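First the structure, in the form of structure tokens, and then the observations on it.
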Amino acid sequence: MQEKESFKRIVQLSLSAVCLIAQVMVYRYLWYYYLSYEVVLQFWNKGHILVILIYAALVFAFARMYGGMKIGYYRNSEIIFSQLFAAVMVNVITYFQNSLMMMRLANPKYFISITIVDAIIIILWSFVASFVYRCIFSARQMLLIHGDRPYDDIIAKFNTRRDKYEICKCMSYRAGYDAIFAEILERYDAVVIWDIPSDVRNKILKYCYGKSIRVYIMPKITDVILKGADQLNLFDTPILLTREYHLTIEQRFFKRLIDIVCSLILIVISSPFMLITAIMVKAYDGGPMLYKQIRCTTGGREFKIMKFRSMSVDAEKDGVARLSSKNDSRVTPIGKFIRKCRLDELPQLFNILKGDMSFIGPRPERPEIIKQYEEIMPEFQFRTKVKAGLAGYAQVYGKYNTTPYDKLKLDLYYIENYSLWMDIKLMLLTLKILLTPDSTEGVENSQITAMKQSNAEWIEKKNRLDREARERVEREHAERAKHEAEVLAKQELQKLAKQETADDLQNK
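Its first residue numbered 971, the sequence shown is counted upward by one per residue in our numbering.
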């Protein structure tokens, strides 16, 4: 198993290296035959090599950050998009780098040409690389071990990647350890553990770990909190520490500094777009340009978030808070456009400058929606341990219609593993997410959220199954006790019979 995974990693790195080398060779040709002649101070040969190595390092760093090197992990379309976005970012940075060396703005035609050539290379490479990877490595054969909650959603998610995963069988944890362990050893490459009791999960996990079987676990809230814990070596036993605070004073200072500087710069840059958007919204139906709404930030403190209005004026005339659904009729044609382009979010730059929000953090929710979520998930309040954000971990790695429970886990991961580098990385990744249509997808009508369906059915089912399990155990205990009593009675009768026989012989 270990040799197979090592071989898989070598294949992924080799395929990624082909794309990287091809892009670098294109830039090398452009540099040696065109760009180097326009540099003010001419380089020696080592200087040329250094420029090319810097370009190679940028291509590697951005492709790795945006996931362009994850052959076999992401879909082919995602690989192409990630590589193209990385190439554009690298070529923009390189354009300004070359402009500095030329002491003037470089001719953009060279960099437009190299971007077009890169796009052709990336598209051709991605199809070939994906084909090669699929020919070498088949989909994993997996066993899903589930609890009492519905598991259709997780199966649907794995089924979107049939090239990588194949769930061959689903099995309830109530089948018992012997049946589960026998099934695991039969023919599976991996096990998926979905919402089962912690004690059962731990035993299955230890068993799979001992047998070197891969396990995919959907973590619980406590798992996410523990993942961000610090390890202490005070004594001769490992200790995990979960702190009562999350951001140090230095982290808060630099985070706030970045918010102020970046918001001021972006307000200046985006002001023409904000003016045009305001005119479009006003001209469509004559309603207000801005939409102000009460949201919650650190510690549950309320503030008024500002957006360009994307829905009709009477969208919530009944006063009931609703999430935007897929194909929501309340969204105006102008609203659909500014949502897709993210122009409706621009006024939040003033919320950031004011200090109500940060660039990166859990998205702020409405108080009434938070209350509905907390009826089922009391842990939802954990999101307010840090300042709300314009974008966050859940927005980068989730979707608009990701379930509240999964969003909570993503946001908690950010809170428990915070660093300034993570903020910078998420800000760069947000640029990619802005162009991804899935991230603006509305909530499906069938999706289970805290607003649409409570846990009453699941609780009732779990209680019924637990009650049946207890009754079954009680029956087994009763039958065992009855059997043991019958055996003891039989033994006593046999003893009495032997005693009577002995007495009869003695009398004779």
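Ideal Cβ positions, reconstructed from N, Cα and C, are used throughout, including at glycine.
All of these numbers come straight from a predicted model, not from anything done at the bench.
Contact holds between the segment 1217–1233 and the segment 1378–1394, because three or more Cβ pairs, one in each stretch, are under 8 Å apart. The DSSP-derived three-state label of Tyr1065 is helix.
Here Tyr1261 carries a strand assignment [DSSP, helix/strand/coil].
Three or more pairs of CB atoms, one per stretch, sit closer than 8 Å, so the segment 1023–1031 contacts the segment 985–994.
For Asp1159, the three-state secondary structure derived from DSSP is coil. Buried is the label assigned to Trp1001, since at least 16 other Cβ atoms lie within 10 Å of its Cβ. Boundaries of the alpha helix (DSSP H) around Asp1193: 1191–1197.
Leu1382 is not a Cβ neighbour of Val1238, given a cutoff of 8 Å. Taking 3 residues as the shortest admissible run, the segment 1072–1105 contains no complete beta strand (DSSP E) segment at all. DSSP, reduced to helix, strand and coil, places Gln1201 within a strand of the structure shown.
The beta carbons of Asp1326 and Phe1273 sit closer together than 8 Å.
Bounds of the beta strand (DSSP E) holding Cys1138 are 1135–1142.
The alpha carbon of Thr1267 has as its nearest neighbour, out of Pro1334, Gly1146, Leu1245, the alpha carbon of Pro1334. Ile1124 sits away from Lys1379, with the two beta carbons spaced by 8 Å or more.
In the displayed model, Ile1041 falls within coil according to three-state DSSP, outside both helix and strand. Between the segment 1097–1116 and the segment 1151–1159, the count of Cβ pairs shorter than 8 Å is three or higher; the stretches touch. Closest in alpha carbon position to Lys1310, among Phe1278, Gly1017, Ile1330, Gly1180, is Phe1278. Assignment of Tyr999 by DSSP, reduced to helix, strand and coil, places it in the helix class.
Setting aside the 5 residues that flank it on each side, Leu1202 is surrounded in the same chain by Ile1209, Leu1211, each with a C-beta closer than 6 Å to its C-beta; the list follows chain order.
Under the three-pair Cβ rule at 8 Å, the segment 1002–1015 counts as touching the segment 1064–1080. Between the segment 1048–1056 and the segment 1084–1097 there are three or more C-beta pairs closer than 8 Å, enough to call the two in contact. With 16 or more other Cβ atoms inside 10 Å of its own Cβ, Trp1164 counts as buried.
Excluding sequence positions up to five before and after Ile1322, its CB lies within less than 7 Å of the CB of Asp1229, Ser1233, Ser1328, Phe1329, Leu1360, all in the same chain and listed in chain order. When C-beta atoms of the segment 1130–1149 are compared with those of the segment 1099–1109, three or more pairs fall below 8 Å, so the two segments count as touching. The beta carbons of Lys1173 and Tyr1147 sit about 7 Å from each other, so the pair counts as a contact at 8 Å.
The alpha-carbon separation between Val1301 and Ser1280 amounts to approximately 6 Å.
Around the beta carbon of Leu1227, a 10 Å sphere encloses fewer than 16 other beta carbons of the protein chains shown; the residue is thus reported as exposed.
The C-beta of Lys1468 has fewer than 16 other C-beta atoms within 10 Å across all chains shown, which makes the residue exposed. Between Phe1352 and Tyr1343, the gap from beta carbon to beta carbon reaches 8 Å or more. For the pair Leu1401 and Pro1317, the CB atoms are not nearer than the 8 Å cut-off. The secondary-structure analysis by DSSP pairs Ile1330 across a beta bridge with Ala1361. Separation of Tyr1186 and Ile980 (C-alpha to C-alpha, rounded to the nearest whole angstrom) is 22 Å. A direct Cα-to-Cα measurement between Ile1403 and Val1366 gives close to 6 Å.
Distances from the alpha-carbon of Cys1178 to those of Asp1200, Lys1197, Phe1151 put Phe1151 closest.
Using a Cβ distance threshold of 8 Å, Met1347 and Pro1374 count as a contacting pair.
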